DNA sequence: GGATCCTATCGTAGTTCTACGATGAGTGCA
DNA sequence: TGCACTCATCGTAGAACTACGATAGGATCC
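Protein chains in written order, with the working numbering: chain A, 52 to 187; chain B, 52 to 187.
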């Protein structure tokens, strides 16, 4: 019964519905949120769109289409992916839609990435540990 | 001849081979690198693997398999994706392979995300700009 | 009301992702 | 040499991604 075990990693299902056959890590939403935001930025076109929006603070869909070598429908699809992730907001302004980056979400993404590396300066890398295993 | 226009965003082709029919942004590799690293972290299982590796500094594949509800082959596939992105390094240590996170790459990822938001504190959000377009 | 502009959505085709089991390659030990 | 262990790779099936053109919906303008 229930979902297969690998569904533990499905991003679209709330954590409480997931059959956690192993104890979750400290923050159950951490991995899902980070993965969701990272996935949204996991395409060069979407990175460019976000940069474009940040540079202009806000602009409409047509502006983005003009500056990308992609069809209008494809750009709209990328914008939908960005909106679904929360990174981008779209506000209807008359016949057009004004898009802008939700800087709080972007900051949260930055924060999540930062929390990934808790002790960057502590051990420079794992070389020493590897040498211990290889040489004796 | 040549590649279709949307191939401008293909991540696996060096920039010089790309038919840039529009001028590139300031840093040609920026978007590709950020997208590549973000894509690597765009799956909850890979985020967990990276966290797991960071918590232990380094460990072998079997340890990861034990702590994930995934088959060994699937974990190996995720590790390959992480290795291809550069985030993770694998070192052969006898019959096993010792994996660790390349903290320099992780830091570069964090830097790329940080450079995405050049002036976070400047304009809090784009609401003002939206109001300008909506109301007058 | 009708024309126009902007954007979202539909339908579709090809590619990529993601999961699994099975198998193979490599190392170390008896 | 043979066995055990570890991990990568192969083959495959289903889902998701990504591109496009075509079309529909909503707002504005004449």
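For each residue, glycine too, the CB sits at the ideal point set by N, CA and C. The structure displayed is predicted, hence computed values, not measured ones.
Query raised in the report: Counting only beta-carbon atoms, is residue 123 of chain B nearer than 8 Å to chain A?
Result: With 8 Å as the cut-off, residue 123 of chain B does not count as an interface residue toward chain A.
Query raised in the report: Below 8 Å between beta carbons: does that hold for residue 167 of chain B and residue 102 of chain A?
Result: The beta carbons of residue 167 of chain B and residue 102 of chain A sit closer together than 8 Å.
Requested in this report: Return helix, strand or coil for residue 9 of chain B, following the three-state DSSP convention.
Outcome: An answer regarding residue 9 of chain B cannot be provided, because it is not within the stretch 52 to 187 covered by chain B.
**Report entry** Given residue 96 of chain A as reference, the closest of A:146, A:132 and A:85 once Cα atoms are compared
**Finding:** Out of A:146, A:132 and A:85, A:132 has the C-alpha closest to the C-alpha of residue 96 of chain A.
Report task. Would you give the residue range spanned by the alpha helix (DSSP H) that residue 106 of chain B belongs to? Result -> Segment 95–107, the alpha helix (DSSP H) holding residue 106 of chain B.
Requested in this report: Please confirm if residue 134 of chain B has its CB atom under 8 Å from at least one CB of chain A.
Outcome: False, the Cβ-Cβ gap to chain A never drops below 8 Å.
Query raised in the report: Does the separation of the CB atoms of residue 138 of chain A and residue 116 of chain A fall below 8 Å?
Result: The Cβ atoms of residue 138 of chain A and residue 116 of chain A do not sit closer than 8 Å to each other.
Query raised in the report: Taking 8 Å as the CB-CB cut-off, is residue 95 of chain B touching chain A?
Result: Cβ-Cβ to chain A under 8 Å: yes for residue 95 of chain B.
Query raised in the report: For residue 107 of chain A versus residue 82 of chain B, is the C-beta spacing smaller than 8 Å?
Result: Not closer than 8 Å, so no.
Requested in this report: Identify the continuous alpha helix (DSSP H) that holds residue 113 of chain A and give its terminal residues.
Outcome: Unbroken alpha helix (DSSP H) run through residue 113 of chain A: 112–117.
Query raised in the report: What did DSSP end up calling residue 128 of chain A once you bin it into helix, strand or coil?
Result: Of the three classes helix, strand and coil, the one that applies to residue 128 of chain A here is helix, per DSSP.
Query - Listed by chain order, chain B residues near residue 159 of chain A by CB distance under 9 Å - result: Correct list: empty, because the minimum Cβ distance to chain B is about 11 Å.
Requested in this report: Taking 8 Å as the cut-off, decide whether the C-beta atoms of residue 109 of chain B and residue 151 of chain B are in contact.
Outcome: The beta carbons of residue 109 of chain B and residue 151 of chain B sit closer together than 8 Å.
Query raised in the report: What residue from B:94, B:87, B:88 and B:84 has the CA that sits closest to residue 84 of chain A's CA?
Result: Residue B:94 is the option with its Cα nearest to residue 84 of chain A.
Requested in this report: From the DSSP output, read off the bridge partner residues of residue 144 of chain A.
Outcome: A:147, per the DSSP bridge assignment.
Query raised in the report: Between the C-alpha atoms of residue 112 of chain B and residue 146 of chain A, what's the straight-line distance to the nearest angstrom?
Result: Rounded to the nearest angstrom, the two C-alpha atoms are 54 Å apart.
Report task. Take residue 136 of chain B and list the residues in its own chain whose beta-carbon comes closer than 6 Å to its own, dropping the five residues that flank it on each side. Result -> When the five nearest sequence neighbours on each side are left out, the beta carbons in the same chain lying within less than 6 Å of the beta carbon of residue 136 of chain B are those of 87, 88 and 91, in order along the chain.
Query - N-terminal and C-terminal residue of the alpha helix (DSSP H) that residue 138 of chain B is part of - result: Neither: residue 138 of chain B is in no alpha helix (DSSP H) and is coded neither H nor E.
Query raised in the report: Between which two residues does the alpha helix (DSSP H) carrying residue 157 of chain B extend?
Result: Element bounds for residue 157 of chain B: 154–167.
Requested in this report: Pull up the distance between the alpha-carbon of residue 158 of chain B and that of residue 104 of chain B, whole angstroms please.
Outcome: It is roughly 15 Å from the alpha-carbon of residue 158 of chain B to the alpha-carbon of residue 104 of chain B.
Query raised in the report: Under three-state DSSP, which class holds residue 92 of chain B?
Result: Residue 92 of chain B: coil per DSSP, three-state reduction.
Query raised in the report: Is there a Cβ from chain A that is less than 8 Å from the Cβ of residue 131 of chain B?
Result: Proximity of residue 131 of chain B to chain A, defined by a Cβ-Cβ separation below 8 Å, is not satisfied.
**Report entry** Spatial neighbours of residue 126 of chain B in its chain, beta-carbon cut-off 7 Å, leaving aside the 5 residues before and after
**Finding:** Excluding residues within five positions, the ones whose Cβ falls inside 7 Å are 112, 115, 116 and 119.
Requested in this report: Please report how far the alpha carbon of residue 123 of chain B lies from the alpha carbon of residue 144 of chain A, in whole angstroms.
Outcome: About 51 Å.
Query raised in the report: Taking only beta-carbon atoms, is residue 80 of chain A less than 8 Å away from chain B?
Result: By the rule that beta-carbons nearer than 8 Å mark a contact, residue 80 of chain A does not touch chain B.
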